[in-house]
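Report on one structure; see the data block that follows.
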Amino acid sequence: MKKLIAGNWKMNGTRESAKALLADIVNHIHKHPGVLERCDFLVCPAFLHIGLARHTLHSAPHIAYGAQDCSAFGDGAYTGDVSAAMLKDQGCQYVILGHSERREYHKESSETVRAKAEKALEAGLKVIICVGEKLKEREEGLAEDIVKQQLIGSLPKAANGSNTVIAYEPVWAIGTGKSATPADIAAMHGFIRRLLVDRVENGSAVRILYGGSVKPDNAGVIFAVRDVNGALIGGASLKADSFLGIAQAV
Ligand code: PGA
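186 is the number that the working numbering gives to position 23 of the sequence shown; each next residue is one higher, with no gaps.
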């Protein structure tokens with residue numbers, strides 16, 4: 164399975180810096196031999212910068228772009244929201260849903276994430292559904308229970324091996340510089356794989372990404388873990404060097 168190297172830019176950047184980052188990725192990707200054969204690439208800028216991605220990546224179809232969220236509703240009277248159909252219309256291929264920052268700061272439940280995922284699939288987008296436990300939950304031995312609840316609660320009915328990606332992101336590893344150990348990643352990815360095989364059409368083909376402080380220097384070890392099919396990268400996706408350096412580790 165080709166690895167998916169996905170950048171989650173979060174709420175960062177200006178028009179100028181976003182344009183420069185996109186151009187750097189396009190221009191430098193060829194300096195990393197073999198990465199295009201081994202990896203699929205995705206960048207997810209803020210909504211306002213998706214138009215720049217559309218423009219800049221027009222000539223680089225090997226780099227997909229997507230969004231970090233979408234509405235749970237179809238087009239209509241939902242002030243401030245952005246629909247899945249609008250993202251598709253902008254050329255997005257993917258949408259990240261249920262990131263822990265949205266679950267935490269916007270109180271998104273798995274039910275909401277699932278409703279968003281249904282809309283995204285209807286619009287023809289692929290979904291990246293994020294799951295992950297907090298530190299306290301891991302310490303209490305609840306990591307698998309939490310991940311299972313989030314996964315089962317968030318998966319859309321029509322999920323299958325080609326339209327759905329899962330990102331396992333332990334909350335305590337996001338932006339902290341502390342990634343999970345290869346043994347913990349192996350255990351959780353194996354657990355997620357078994358759930359997917361049981362419940363999802365062609366579940367063995369669903370890509371499971373690891374996210375949480377992935378950097379060029381720990382990526383090789385993480386990618387060597389069974390059932391790690393790519394990475395969802397926050398901080399290190401904001402520089403072309405580190406983003407592509409992670410791909411180089413595949
Ligand atoms: P990080 O973020 O790579 O900065 O830890 C990952 C994420 O939140 O997707």
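For each residue, glycine too, the CB sits at the ideal point set by N, CA and C. Predicted model, so just to flag it, every value in this text is computed and none were measured.
Output the boundary residues of the alpha helix (DSSP H) element that contains residue i.
| i | result |
| --- | --- |
| L305 | L305 -> no alpha helix (DSSP H), and no H or E assigned at all. |
| I188 | R178 to H191 |
| D380 | P379 to F386 |
| L407 | A403 to Q411 |
| F354 | P345 to R362 |
| A280 | S273 to A286 |
| R265 | S263 to Y268 |
Hey, would you say residue i sits closer than 9 Å to residue j, going by beta carbons?
| i | j | result |
| --- | --- | --- |
| L184 | A403 | yes |
| L407 | N392 | no |
| A248 | V258 | no |
| Q313 | G295 | yes |
| P345 | V384 | yes |
| A349 | D380 | no |
| S376 | G340 | yes |
| R265 | D232 | yes |
Terminal residues of the continuous beta strand (DSSP E) containing residue i?
| i | result |
| --- | --- |
| T327 | T327 to Y331 |
| Y241 | No beta strand (DSSP E) holds Y241; DSSP gives it neither H nor E. |
| V248 | In the sequence as displayed, the identity of residue 248 is Ala instead of Val. Run containing A248: none in the beta strand (DSSP E); it sits in the alpha helix (DSSP H), A247 to D252. |
| L395 | G393 to I396 |
| K173 | Unbroken run through K173: none, as it is neither H nor E. |
| G214 | G214 -> not in any beta strand (DSSP E); alpha helix (DSSP H) instead, spanning I213 to T219. |
Just checking residue i against the ligand PGA - is the residue's beta carbon closer than 8 Å to any of the ligand's heavy atoms?
| i | result |
| --- | --- |
| T339 | yes |
| L395 | yes |
| E296 | no |
| E332 | yes |
| A410 | no |
| K166 | no |
| S222 | no |
| N392 | no |
| S400 | yes |
| K270 | no |
| E264 | yes |
| N323 | no |
Given the structure, does residue i come close to the ligand SAH, in the sense that its CB is under 8 Å from one of the ligand's heavy atoms?
| i | result |
| --- | --- |
| A382 | Only the ligand PGA can be found as ligands here, which leaves the ligand SAH out of the picture. |
Cα-Cα, which of the options is closest to residue i?
| i | options | result |
| --- | --- | --- |
| I168 | I315, E267, C255 and A227 | A227 |
| F354 | V384, I315, I213 and K378 | I315 |
| A330 | G340, G374 and D380 | G374 |
| I396 | A382, L358 and G197 | A382 |
| L215 | A410, A306 and A181 | A181 |
| C202 | L298, A394 and S405 | A394 |
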